[in-house]
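Trainee: Under full-length UniProt numbering, the letters of the sequence shown match residues 1 to 406, in that order.
Quick one: the structure is below, questions incoming.
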Amino acid sequence: MRISTSMMYDRGLNSVTERTSKLLKVQDQMARETKILTPADDPAGKAQALSLTERIAQNDQFRKNAELLLNDLQRQESVMSNVTDSLHRAKELFVQAGNGALSQQDRKSVALELEVLRDNVLDMMNAQNENGDYLFSGSQSEVRPFTLDPVTGTYEYNGDSSNRKVQVTANQQLQSTSSGAEVFQQSPMELMARVGNYTGAITGGNTFIADRGAWDTFHQANYDKDNAANNVYRVEFNAGNYEVLDAANNVLDAGAYTPGDPVVFNGMEMRVQGTPAAGDEIEFRLSQPKQSAATMLNDMINLLNDPNALQDELGQGIEFSIANLDSVETSLGIARARTGSRMNSAETAVLTNTDFSIANKDTRAKIQDVDYAEAMTELTKQDTALQAAQATFTRITRLSLFDYLR
């Protein structure tokens, strides 16, 4: 078979090109730290590596979610712990205020400390995370949970009863927020009557529940949770008599009024300050069945600052306030236990996702990562083969008949 010059050159050049390509591939694998440069190198391995990469990214995101959740839960637990401590101190002050030997100025001093506690408790009830999201507004993270209603004098809850959740594993979601109503005002409270607006010669008033059973029965039958206006009643004075009217101006009770004596209505006694003239009125409102801790502290502050409050009224107010704060502490204890459980679950999720990521990275490395010892051997092999091909091509291209002429 005759071998033409062009065929000889083509074969030599192809050999050098092939060896160069293999050498460059090994160098590229080492530089990019992967032995699968294109899907064609290992179609099945490439598909597995891509799937593992997606799982790793997902696990990393779940881990970050769990870490952020854990941070929020730790903040919530800290807030609830601090509120509990503040309520303990408030109860100590309540007991101190009940001492009959205290002067009005002494009670005002106690009220001043309670004001500081109330403001601190309110700030904590409206706590936010580092992103500015409220922790205790349910699913409405941009809504301030508790604000003062100037009409009722109570701190109303503005959030909702729903809660946001965070995905921490492929099959697990954890609650990330809490409803402030559930945490800070969940337990039933003592039902009371609050003095509202007054007119004319009336300068104020206070209430006392003389018959708890009768008052609770009336309160439970008439409290309107949907329309606050229906919870407002008024006492109207006229010619030595009084009438108790509801929001629709229906007369519910009437009787003779003697200045200094209380107006008695369904177990509630209201003492009016001043001497009412004909047409003068004073309002009272049904208290919410569930009240926030800040509202309870505010009520006690108002009672201690009232110079006309009788010792019996003060004693009853203190008794009810302590009982109500005990109820709030019970709610806080339950909420803290639930938060602690979620914290444990979040910590477990962080560890689980970290372990999954490590395992998936190890598996992916076995599929696609370069074995440098093996790669160095292959690099040396291909380099030697290239040098041999180059040397052979050089020798062959030098052959000529003139070399054999003598």
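Every residue gets a Cβ at the ideal spot worked out from N, C-alpha and C, and that includes glycine.
Measuring only the C-alpha atoms, how far is Thr17 from Thr384?
Mentor: Position 17 of the sequence shown holds residue 17. Position 384 of the sequence shown holds residue 384. Going by the C-alpha atoms only, they are around 14 angstroms apart.
Trainee: Check Glu115 in the structure and name its three-state DSSP category.
Mentor: Within the sequence shown, the letter at position 115 stands for residue 115. The three-state secondary structure of Glu115, taken from DSSP, is helix.
Trainee: So, helix, strand or coil for Arg194, using DSSP?
Mentor: Numbered from 1 along the sequence shown, position 194 holds the residue referred to as residue 194. Of the three classes helix, strand and coil, the one that applies to Arg194 here is strand, per DSSP.
Trainee: Mind checking which residues open and close the beta strand (DSSP E) that includes Ala253?
Mentor: Here the question's residue 253 lines up with position 253 in the sequence shown. Looking at the sequence itself, residue 253 is Asp, so the reference to Ala does not match. Note, Asp253: beta strand (DSSP E), 251 to 256.
Trainee: Is Thr207 helix, strand or coil by DSSP?
Mentor: As a position in the sequence shown, residue 207 is number 207, starting the count at 1. Strand.
Trainee: Can you round the beta-carbon distance between Ala201 and Thr275 to whole angstroms, since I take them to be within the 8 angstroms contact cut?
Mentor: Here residue 201 corresponds to residue number 201 of the sequence shown, with the count starting at 1. Here residue 275 corresponds to residue number 275 of the sequence shown, with the count starting at 1. Their Cβ separation, rounded to whole angstroms, is 6 angstroms, which keeps Ala201 and Thr275 in contact under 8 angstroms.
Trainee: Check each candidate in Ser51, Thr354, Asp246, Tyr242 and name the one with the smallest Cα separation from Val264.
Mentor: One-based indexing of the sequence shown puts residue 264 at position 264. Looking at the Cα atoms, Tyr242 is the closest of the given residues.
Trainee: Using DSSP with H/G/I as helix, E/B as strand and the rest coil, what is Val183?
Mentor: Indexing the sequence shown from 1 puts residue 183 at position 183. Looking at Val183 - three-state DSSP - the assignment turns out to be helix.
Trainee: Could you tell me the alpha carbon to alpha carbon distance between Thr352 and Asn158, rounded to whole angstroms?
Mentor: Residue 352 sits at position 352 when you count from the first residue of the sequence shown. Residue 158 sits at position 158 when you count from the first residue of the sequence shown. Approximately 37 angstroms, taken between the alpha carbons.
Trainee: Check the DSSP bridge columns for Tyr233 and list the partner residues they point to.
Mentor: On the sequence shown, position 233 is the one that residue 233 refers to. In DSSP, Tyr233 forms a bridge with Phe284.
Trainee: In whole angstroms, what is the alpha-carbon distance linking Ala365 and Glu54?
Mentor: Reading the sequence shown from its first residue, position 365 is the one you call residue 365. Reading the sequence shown from its first residue, position 54 is the one you call residue 54. If I take the Cα positions, the gap works out to 14 angstroms.
Trainee: Taking the alpha-carbon of Ala335 as reference, which of Gln105, Val166, Thr177, Leu87 has the nearest alpha-carbon?
Mentor: As a position in the sequence shown, residue 335 is number 335, starting the count at 1. Of the listed residues, the one whose Cα sits closest to Ala335 is Thr177.
Trainee: Look up Ser137 in the DSSP assignment and give the residues it is bridged to.
Mentor: As a working mapping, residue 137 is identified with position 137 in the sequence shown. Bridge partners of Ser137: Ser179.
Trainee: Less than 8 angstroms separating the beta-carbons of Asp133 and Ser139?
Mentor: As a first step, residue 133 is located in the sequence shown; it is residue number 133 there, counting from the start. As a first step, residue 139 is located in the sequence shown; it is residue number 139 there, counting from the start. Cβ atoms of Asp133 and Ser139: not closer than 8 angstroms.
Trainee: Between the Cα of Glu269 and those of Gln291, Ala309, Asn302, spot the shortest distance and give me the residue it belongs to.
Mentor: In the sequence shown, the residue the question calls residue 269 occupies position 269. Answer by Cα proximity: Ala309.
Trainee: If the criterion is Cβ atoms closer than 8 angstroms, does the pair Gln316 and Thr154 meet it?
Mentor: What you label residue 316 is simply residue 316 of the sequence shown in a count that begins at 1. What you label residue 154 is simply residue 154 of the sequence shown in a count that begins at 1. No; because the gap between Cβ atoms is not below 8 angstroms, this pair is not in contact.
Trainee: Which first and last residues belong to the alpha helix (DSSP H) in which Gln220 is found?
Mentor: By one-based count along the sequence shown, residue 220 stands at place 220. Its alpha helix (DSSP H) spans residues 212 to 222.
Trainee: Bridge partners for residue 413 per DSSP, in chain order?
Mentor: As displayed, the chain neither begins before 1 nor continues past 406, which places residue 413 out of reach and without an answer.
Trainee: Count the other C-beta atoms from every protein chain shown that fall within 10 angstroms of the C-beta of Leu325, then say buried if there are 16 or more, exposed otherwise.
Mentor: Residue mapping note: residue 325 aligns to position 325 of the sequence shown, counting from 1. With 16 or more neighbouring CB atoms inside 10 Å of its own CB, Leu325 falls in the buried class.
Trainee: Within 10 Å of its beta-carbon, does Val251 have 16 or more other beta-carbons around it, so buried, or fewer, so exposed?
Mentor: As a working note, residue 251 is residue 251 in the sequence shown. With fewer than 16 other Cβ atoms within 10 Å, it is exposed.
Trainee: Give me the Cβ distance between Val121 and Ala293, rounded to the nearest whole Å; I'm assuming they're in contact under 8 angstroms.
Mentor: Here residue 121 is taken as the residue at index 121 of the sequence shown, counted from 1. Here residue 293 is taken as the residue at index 293 of the sequence shown, counted from 1. Going by Cβ atoms, the distance from Val121 to Ala293 rounds to 5 angstroms, so yes, they are a contact pair.
Trainee: For Ile171, count neighbouring Cβ atoms within 10 angstroms of its own Cβ and tell me buried if that reaches 16, exposed if not.
Mentor: The sequence position of residue 171 within the sequence shown is 171, counting from 1. First, the amino acid is wrong: residue 171 is Asn here, not Ile. Asn171 is exposed by the Cβ-count criterion.
Trainee: Let me check understanding here. Comparing Cα to Cα, which of Pro259, Leu245, Val232, Tyr233 lies closest to Arg239?
Mentor: As a position in the sequence shown, residue 239 is number 239, starting the count at 1. Here residue 239 turns out to be Ala, not Arg, going by the sequence shown. The candidate whose alpha carbon is nearest that of Ala239 is Pro259.
Trainee: Over what stretch of residues does the alpha helix (DSSP H) that includes Leu297 continue unbroken?
Mentor: As a working mapping, residue 297 is identified with position 297 in the sequence shown. 293 to 305 is the extent of the alpha helix (DSSP H) around Leu297.
Trainee: Report yes if the CB atom of Ser321 is closer than 8 angstroms to the CB atom of Met300, and no otherwise.
Mentor: Stepping through the sequence shown from its first residue, residue 321 is reached at position 321. Stepping through the sequence shown from its first residue, residue 300 is reached at position 300. Yes, they are a contact pair.
Trainee: Under 8 angstroms, do Glu281 and Glu236 count as touching if we go by C-beta distance?
Mentor: Position 281 of the sequence shown holds residue 281. Position 236 of the sequence shown holds residue 236. A contact, by the Cβ cut-off of 8 angstroms.
Trainee: What's the call for His219, buried or exposed, on a 16-neighbour Cβ count within 10 Å?
Mentor: As a working mapping, residue 219 is identified with position 219 in the sequence shown. Answer is buried; the Cβ neighbour count reaches 16.
Trainee: If you reduce the DSSP assignment to three classes, tell me which class Arg271 lands in.
Mentor: Along the sequence shown, read from residue 1 onward, the residue named residue 271 stands at position 271. Here Arg271 carries a strand assignment [DSSP, helix/strand/coil].
Trainee: Ordered along the chain, which non-local residues of its own chain (more than five positions away) have a Cβ less than 8 angstroms from that of Arg406?
Mentor: Position 406 of the sequence shown holds residue 406. Annotation note: pLDDT 49 at Arg406 (below 50); position unreliable, no value reported.
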